[in-house]
Each structure stands twice: as structure tokens, then as C-alpha cells.
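In the working numbering, the protein residues as written are 380 to 1280.
Backbone N, C-alpha and C define an ideal beta-carbon position, used for all residues, glycine too.
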Amino acid sequence: MDATPIDPVANPALTPMMAQYFEIKAAHPRYLLFYRMGDFYELFFQDAEIASAALGIVLTRRGKHLDQDIQMCGVPIHAANDYLNKLIKLGHRVAICEQVEDPKEAKKRGSKSVVKRDVVRLITAGTLTEDDHLDAKASNFLAALAMVRHGETDFALAWADVSTGETFTADLQAEQLGDELARINPAELLLTEATKSVLTERHLFAPSWAAIAHTAPAESFDSETATTALRQAFPRGEFDPTALSRAARAALGAIVGYIGEAQKGVGVALRAPVPQAHAAYIIIDQATRASLELHQTQRGQQRGSLRQHIDLTVTAPGSRLLAARLAAPLADAAAINARLDAVALLVNDTMLTARLRAELKTVPDLARALTRLTLDRGGPRDLAAIGKAVGAAKAVAAHFGGDDTLPPILQRLAQTLAAAPAELADQLARALDEQLPLLSRDGGFVREGYDAQLDEERALASQTRSVIASLQARLIEETDLRSLKIRHNGVLGYFVELPAAQGGKLMEEPHRNQFIHRQTLANAMRFTTTELADLQGRIARAHEAALQIETSVFAELRNAVLQQTAALREIADALAELDVTAALAHLAATRSYTRPEIDNSLAFEILDGRHPVVEDMVAAEGQSFVANDANLSGSDAVGGGRLWLVTGPNMGGKSTFLRQNALIAVLAQMGSFVPASKAHIGVVDRLFSRVGASDDIAHGRSTFMVEMVETAAILNRATRRSLVVLDEIGRGTATFDGLSIAWAAVEALHETTGCRALFATHFHELTSLAKTLSRVSNVTMKVREWEGDVVFLHEVGPGAADRSYGIQVARLAGLPEPVLQRARQVLTVLEQRSVGTASSSQKASVLDDLPLFAHQPAPRPAQKDPVHQALDAVRPDEMTPKQAIEALYELKKIRDDARRS
380 MDATPIDPVA
390 NPALTPMMAQ
400 YFEIKAAHPR
410 YLLFYRMGDF
420 YELFFQDAEI
430 ASAALGIVLT
440 RRGKHLDQDI
450 QMCGVPIHAA
460 NDYLNKLIKL
470 GHRVAICEQV
480 EDPKEAKKRG
490 SKSVVKRDVV
500 RLITAGTLTE
510 DDHLDAKASN
520 FLAALAMVRH
530 GETDFALAWA
540 DVSTGETFTA
550 DLQAEQLGDE
560 LARINPAELL
570 LTEATKSVLT
580 ERHLFAPSWA
590 AIAHTAPAES
600 FDSETATTAL
610 RQAFPRGEFD
620 PTALSRAARA
630 ALGAIVGYIG
640 EAQKGVGVAL
650 RAPVPQAHAA
660 YIIIDQATRA
670 SLELHQTQRG
680 QQRGSLRQHI
690 DLTVTAPGSR
700 LLAARLAAPL
710 ADAAAINARL
720 DAVALLVNDT
730 MLTARLRAEL
740 KTVPDLARAL
750 TRLTLDRGGP
760 RDLAAIGKAV
770 GAAKAVAAHF
780 GGDDTLPPIL
790 QRLAQTLAAA
800 PAELADQLAR
810 ALDEQLPLLS
820 RDGGFVREGY
830 DAQLDEERAL
840 ASQTRSVIAS
850 LQARLIEETD
860 LRSLKIRHNG
870 VLGYFVELPA
880 AQGGKLMEEP
890 HRNQFIHRQT
900 LANAMRFTTT
910 ELADLQGRIA
920 RAHEAALQIE
930 TSVFAELRNA
940 VLQQTAALRE
950 IADALAELDV
960 TAALAHLAAT
970 RSYTRPEIDN
980 SLAFEILDGR
990 HPVVEDMVAA
1000 EGQSFVANDA
1010 NLSGSDAVGG
1020 GRLWLVTGPN
1030 MGGKSTFLRQ
1040 NALIAVLAQM
1050 GSFVPASKAH
1060 IGVVDRLFSR
1070 VGASDDIAHG
1080 RSTFMVEMVE
1090 TAAILNRATR
1100 RSLVVLDEIG
1110 RGTATFDGLS
1120 IAWAAVEALH
1130 ETTGCRALFA
1140 THFHELTSLA
1150 KTLSRVSNVT
1160 MKVREWEGDV
1170 VFLHEVGPGA
1180 ADRSYGIQVA
1190 RLAGLPEPVL
1200 QRARQVLTVL
1210 EQRSVGTASS
1220 SQKASVLDDL
1230 PLFAHQPAPR
1240 PAQKDPVHQA
1250 LDAVRPDEMT
1260 PKQAIEALYE
1270 LKKIRDDARR
1280 S
């Protein structure tokens, strides 16, 4: 409900509390308002309807507004995180409204005064920081898209993970936005209405963006205002906002403003933004990411994706970094080889790798703990996590022993970890107890012996507890009431409680002057005494004093941590990078991966290449994967890379072969060893994969249309240094149309683009192109036929397939035998017409000779000879001579009966 402020004077029927609610709600109309009332967050009106339906909680009514019932629902504060999590995942945004003054202060203004409340935080999908709301192994980016017009329209994207502080910017062309957002996969996208309109007019606003896009006011994307805001948001000297383009400043300024509003004045905990050059990474479009199933399968599941099969990291930050590298493999040979050098050293020293991984396994998520403390949202457990991470960093660095012969990357990581502030880890270890509460306000987290005054207050509190136990025993003896208990709650404090049947005795002589009646319940009566009240005061003062001391200790420790923010962020980065390096080394050692040779040539030579995912799956079933070679190497001197035309039957392994070579390129350029016995790859600048059929019916695009759109993108954007993987182009339309399109596409890839390419097809006519196009080669998936069945060998060999074996595949799929027989009949006639063995009149009248579309009676099922059936039942080795003679007479009788019938 987009409420507007309501004047209580103009609306005398409106209670002070509801007037307060409407005022706060009007300031946050697009958010579900969690309005604090006691131990619950309450929601009203339309918010209540939405939350009730989304969370499955009861919708009630409380009072009336404008003669209508006020709908209401609520969630307990102690369980609020679970409910918030559900709402955020469903795409809602929530405003947390807390009581910001003590109820006692409100009462001083009058008995009907309302406790002051205000929104202390806005929770959205892109601004989460709590582990309860986040996937530990996934980044959670908030992105902003800015558009600046000055002659030409410039676009820029800024994105930040609020939970870790990582921040990036990139200047982009409009056509690049879809690919970049697919790589980043933000949880939330900010843009203006004008930007959205421009993209929509140019058909560049993807339908999938609608779920994450939020329009923001144009002023929040003002580049001049952003310059001032950025200087305030980032520590002095970290970066110069004017070094960014106007569009990038506008996008980053929008993010800083949005986070600042969400944190309600707490500030932002972002790191200096890292500009990302588009040319530094392989350009992988959205269709290719889906086709290769890099992060999730085409069914939207992580299981079965490349990431799931290669992620052997042992820390959550390491897993996030591996995912980022997989999403953006490098396009610089020197940088790739630097990563491979680090992996190679650990591959060759398995004992060091094992020690590092064992040490890293104990490391908490330092980056997210530090962010929560920076935003004043952390607790004792976050302090402990930082202390443990710093201690682990020192231990990990010790395994390298100051070796100055390490590869540059490992040397840098070792130096960073060795410089970890050991004094901070020692201070945190001395200060923090073993068992820690989530929040500092709960107390009990400072270790005994760390603060003498705190120990004194705790001793007093502990002593008074024993005094209460003694007092209870004495009162039982004095009253002879064995059911007497001294209890405590937040309203009454300490009190004496008795069952209702016995409570009346304390209101009679001789106890009535000693016990003061406080409360009568259905089953119990409660009292106090002067002595108990004095004791409660002593206990309350001791607890309060202890909590104040612990609060100051927490502030002291938090300040010590924040003074080391820069060093701690470097340590977090180093631990994650070392985890990824060790994980890739472990992957290579355990799965027989080899180091690829990476250079700036147009080479692409793979020996014994394997599909990293399929290999794992068949191994789990006790089978072995059939490795295959691929050689697409070329040179500028001969016009570019080679193009392989791959033919063979469905189920023969073409798609697996195509994908495995693309995945080997991705693995190699992210800095990983690859599943092959040898790999020589010239750096790929763009990777395109069109494998498998899909449609987009919801947006009016058929399978063939989707295929053509994706093929167009490849032909328009591929370069000589690209790797293109195409499967079955043109199969979604009429045969001659499809063949013509496929033919022209092959020629374009060969003559115009000159890229390295794998082109799988069932159009056998295309294989003739190898005679006229110098860099085209024919290869096929080998098969064998045995007693009418086809055996797929999954081997790639030179040559072209003589046929597609479609009917044999259909038989394996379970098509009825009559259908298969009819298909063979049709195929025979069509093949005769194709090779020219039929006469002209037969070719012209093929539909008359073979009425494909006329009704054909199903052939009668073949009946087995009854004599043969009887013979099948005979077991000569088990028969006596007499039984054999009787069986012979029986067979003769069966034959005679069959003849007469």
C-alpha cells in the first residue's frame, strides 16, 4: 500500500500509533514495512496481505481505518531472519522499523505517547550482508547501469558485492550489456526509466532482467553529484573518481547512494573500484554460457555444471573466486601462464598441496566478517573469525618457508600472508571466550582474566545467584511450602511463586507482613519480599555493569580490527587465491589433467581430449571415457584457423566432442590444467557455442528463430582469434533452406571470419566443401553395425559419415517395430532417388509410388510357426526314448492341424 502521510488532527479517529505507521510507510512506499511492536515485527494493510501469502502466516484484523478492517500479520523477532530470507528470495524489499527510544522515555511525555520508531535499515536482494541470507559460495552483486548522452550514447556498468566490498566498473557498448550481465549475474540492477526505455526501444532489455531491475530517480545517476559522493565514500587516496568516465561515475554513484540509503547513515564498506577492460577476458555471450553449462545446467541446476565438477576449493571465498575466474577466463597469455606456473608448482609437490589445503580448510570467511564489523552489524563471532583467519594466514605462510624461488604469484601470496598482523590475532584470542553469542549485547563473550573489573562484576553476579538459591531454601523452611520457587522474568524481575492452591497461605498470618502480593495467574500466585527486592537491585547493577564493560571491550576490539582493514582485505584475497590455486592443483593431480601450452598463435591442438563433466559421470558408472584429438591450428599466413566439419549419427558423441573442446579452452584460459594428454592453445578472444536446440515461445521465438539469432551473433562478432562451436545449423527448417543456410555459414566462417571452428552437421552435402575450401576438413564419429544394431564408438576419425543411422537410434529409443519398418521402406525409396538409381518417372511420382501422407494399414504382426513353437519347448536331454517318440507324434499332429486350418 503506497500510503501518504495522514494528519492525526484531520483524522481524529486515527490512533497515535497508526499515525506514526502511516508517516513511516509513506517514506518507504515500495518496501514491506516491518514495524516493531514488542517482540514482533507487525505488517499492516496491503503489506500484511502480501506477507501473509508469501510466508504462509495467518492474516488477522486489528481495529478499523476509514470504516475498513485493518489487516495485520506479524513475525516474532527471534525468527525474523528466516521470514526475511523468504521474502527477499521472492523479490520483495523490506524496511526494518525499530523502536529508537526507551519506552520509559515515551511515558514521560504522557500515558498515550507512542514510542519513537524509525527505519534503521532497508533490506534488498543486492544489499545483504548476513550469512543467513547469503549463499556462502556465491557472490551477491548489486549492479547499476548508467547511460550518458553527448553526441553518442555511452553506457557503463558498476557492480559491487556489499558483503565483501568488492567493486568494479566497466564502460560498454549497448550490445555488450547482455553478455556482461550474464557474466556478473547480479541480484539487483538499478537503472533510470529513461535508460530502460532506450534499451527497450532497441530490443536490448532482456526479459530476464525484469525480475531484478529497479528504476531509480534520474538524480541518483547524476555524474557531477556522484564525484563528490564517491570522494566521501572511499578512503582518501584510494582512487580518483575523475579517472572514470562520466557514465561509470554515474553508475558507481548510484550504487553508493543506494547502499547508503539502505544502511541508513551507517556508511558503505566498499573497496576502491576496479575498472575492467572488456578485452582482458574471453568474451562469452549469454547463449554460449548456457550451452556450455559453465555455472549451471540448462535446467537451472548446479549439479552437472562445469563449476560443480571442478570446484575442489575448501573455503567459501575460494569457491567464489573460482566461479569468478570461470565466468571470465583471461585473454592475456602472460597472465594465464603466471597462473599456470603457480598451479604447476603445487601439482609437482603434492605434500605441500595437502598441507596447504588442510590449513585452509579451517579458515573462516574473513571478507564478509570484516564487512559486517565495518557496517557496525557484526558480533563476537565475526571478531573470532578474523582472529582465526589471521592466525591461519601466518600458519599457511610458514609452509612456504620464505622460498624466493617460488613462481611470482605464490611468492606474492606468501609475502602477503606472512605480513598478517599476528598481534591482532593474539589480542582477539586472549579477549574472546570459546563459546560466543551472535550479538555483543547478549554479553558473556569476553574470556575470564582479560579484564579485571569485568571479572569482579561477574563474581558479584555469580555470588548473588547463589544467595538467591540460599534464600529460596530458607523461605521454604520458614513457610514449610516445598513448592515455593524464586523465579525471574523481564517484567517482574525476581519473584516468589507458588501454586494458586498454596499461594493464599502467604497472604495470611504470620507471612502476610513478609510477603507482598504481586500477581495472580490461573495456576500460580507471585510475591516479593523486601530482601528479594534488595537482592535484585544488586544483581541488576552487577549484570548491567558487566555488560557495559563487555560492550566497551567489543568496541575496543572492533576498532583494532578496523585499523587493519586494508591489510585484512589483502589477506582475505590472498587466502582465496591460494585456495583456488591449490584446488586446481589437486584437480589436476587427481584427474590426470595436463598443463596446456598457451601463446598468442592461432594454434588449437588437443591430444586425447576429454569432457571434464561427462568423464566424471561415466567414471561414476564404472566406465571409461573415450578420448579424442582435435587440431584446428592455423596461421595468419594461410588465412586463419581450420574448420572441422563433424558428421556422424545422433548419440554418436558429436555434441560431447564439440563442447569438450570449448570447455578445454575455458579451463586453460582461466589458469587450470586441462583434461587431455597435450594441449596447445593460442589465446581465444571470443568463444561461441551453439549446441542443442531450444525455443523462446514466451517471447514469440521458435527453435529455428533462436538458432538463427544465435548464429547471426556468431557470424557478426567472431574474429580470427575466436573459437566457434556450431551444431546442426539449419535443421529447424525445410531441408533445402537449412542446407543453404548451413552451406553459406561454413563459407562465411572460412572466408570472412577465418576463426577456428567445429561445425557438426547432418547435411552430408556440406562435406564436399572440403574439396574447395582449403582449411575445411571432414571428420566423423565412428560407428559399427552388428546384427542390425548400431554400436557407437564415440571416436573421432577422418572422413565423412555415409549415413545418419537415424532409424537405428529410433529403435534404441523404443519406436514401435511397424513404424521402424515403414521408415526403412521410405528411406530406401528416398535414397534411390537421391543417388539417381530410380528412373525419371519414378523420381517424379515418388509420392504416388510411396504415399507418405496416405493412410497405410499397419502390417499384421508375424505369426510364429506352431511347429517351431512346439520345438522350442522340447528338451531332448531330459526325455526318455518313449517320451521322444510321443513328442515326435505330437509335432506331426500339430503340423497336420495347421495345414487343415
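Inter-residue distance for residue 1136 and residue 729 is about 37 angstroms (C-alpha atoms, whole angstroms).
Per DSSP, the continuous beta strand (DSSP E) segment holding residue 864 begins and ends at 864–868.
Of 562, 1203, 951, 923, the smallest CA-CA separation from residue 547 is found for 562.
For residue 771, the closest alpha carbon among the candidates 740, 583, 747, 780 is that of 740.
Counting only the Cα atoms, residue 1099 lies some 22 angstroms from residue 1145. Between residue 799 and residue 633, the gap from beta carbon to beta carbon reaches 8 angstroms or more.
Rounded to whole angstroms, the Cβ separation of residue 914 and residue 847 is 7 angstroms, and the two are in contact under 8 angstroms. For the pair residue 1097 and residue 1132, the CB atoms are nearer than the 8 angstroms cut-off. The alpha carbon of residue 905 has as its nearest neighbour, out of 884, 922, 889, 651, the alpha carbon of 884. Fully contained in the segment 579–611 are the following beta strand (DSSP E) runs of length 3 or more, in chain order: 592–594. Collapsing the DSSP output to three states places residue 1108 in coil. According to DSSP, residue pairing for residue 451 in a beta bridge involves 423, 439.
Three or more Cβ pairs drawn from the segment 1054–1071 and the segment 980–997 lie within less than 8 angstroms of each other, which places the two stretches in contact.
Annotation: the continuous beta strand (DSSP E) that includes residue 978 extends over 976–978.
When the five nearest sequence neighbours on each side are left out, the beta carbons in the same chain lying within less than 8 angstroms of the beta carbon of residue 456 are those of 415, 418, 419, 420, in order along the chain.
When DSSP states are grouped into helix, strand and coil, residue 525 belongs to the strand group. Look at residue 656 here: in three-state DSSP terms it is coil, with no helix or strand label. A straight line joining the alpha-carbon of residue 679 with that of residue 1082 spans about 19 angstroms. Non-local beta-carbon contacts of residue 471 in its own chain, meaning distances under 6 angstroms to residues more than five positions away in sequence, involve 411 in chain order. The beta strand (DSSP E) runs of length 3 or more contained entirely in the segment 820–904 are, from start to end of the chain, 864–868, 872–878, 895–899. Residue 1158 sits buried, since 16 or more C-beta atoms from the chains shown fall within 10 Å of its C-beta. The alpha carbon of residue 621 has as its nearest neighbour, out of 1039, 506, 607, the alpha carbon of 607. Minimum Cα-Cα distance from residue 763 among the listed residues 907, 558, 747, 652 corresponds to 747. Closest in alpha carbon position to residue 505, among 499, 543, 849, is 543. Taken through DSSP and simplified to helix, strand or coil, residue 1248 comes out as helix. DSSP places residue 1099 in the coil class of the three-state scheme, outside both helix and strand. CA-to-CA, the gap between residue 810 and residue 836 works out to about 17 angstroms.
Residue nearest to residue 654 within the set 599, 630, 667, 527 is 630 (criterion: CA-CA distance). Straight-line measurement puts the Cα of residue 850 at about 12 angstroms from the Cα of residue 874. For residue 696 against residue 1049, the beta-carbon gap comes to about 17 angstroms, at or over 8 angstroms, which does not count as contact.
When rounded, the separation of the alpha-carbon atoms in residue 514 and residue 732 is 27 angstroms. The beta carbon of residue 964 is closer than 7 angstroms to those of 722, 725, 726, 732 in its chain, skipping five residues each way along the sequence. Residue 1165 is classed as exposed because its beta carbon has fewer than 16 other beta carbons within 10 Å across all chains shown. By DSSP's assignment, residue 986 forms a beta bridge with 1057. Residue pairing by DSSP places residue 1159 opposite 1026, 1176 in a beta bridge.
With a threshold of 16 other beta carbon atoms within 10 Å, residue 694 meets it and is buried.
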